Amino acid sequence: MSSSTQQPERLVRMMVMMMVKLNTVHMRVLYLYFRLFYTRMYVLNNDYT
């Protein structure tokens, strides 16, 4: 039972390791997505057309 509870943590750790491996590309993509989403939300909230 204890192993099943620790599984998510291991998965998260694997994800983190993957992110570290693909740091530059991953961060760049995340940044672009974030910027796009942020600008879109901003435009929608302020009703700029």
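With the UniProt record's numbering as the guide, the letters of the sequence shown map in order to residues 1 to 49. A virtual CB, placed ideally from N, CA and C, is assigned to each residue, including glycine. It should be emphasised that the depicted structure is a prediction, and the values quoted were computed from it without experimental measurement.
According to DSSP, is L44 part of a helix, a strand, or is it coil?
Indexing the sequence shown from 1 puts residue 44 at position 44. The answer is helix: DSSP assigns L44 an H, G or I state.
Can you give the beta carbon distance from H26 to M15, rounded, assuming they're within the 8 Å contact cut?
Indexing the sequence shown from 1 puts residue 26 at position 26. Indexing the sequence shown from 1 puts residue 15 at position 15. Actually they do not touch by this definition, with Cβ atoms about 10 Å apart.
Distance check for T39 and L22, CA to CA, integer angstroms please.
The residue labelled residue 22 in the question sits at position 22 within the sequence shown. The residue labelled residue 39 in the question sits at position 39 within the sequence shown. C-alpha separation (whole angstroms): 25 Å.
Can you give the Cα-Cα distance for P8 and L44, rounded to whole angstroms?
Sequence index remark: in the sequence shown, residue 8 carries index 8 (1-based). Sequence index remark: in the sequence shown, residue 44 carries index 44 (1-based). Answer to the nearest angstrom: the Cα atoms are 36 Å apart.
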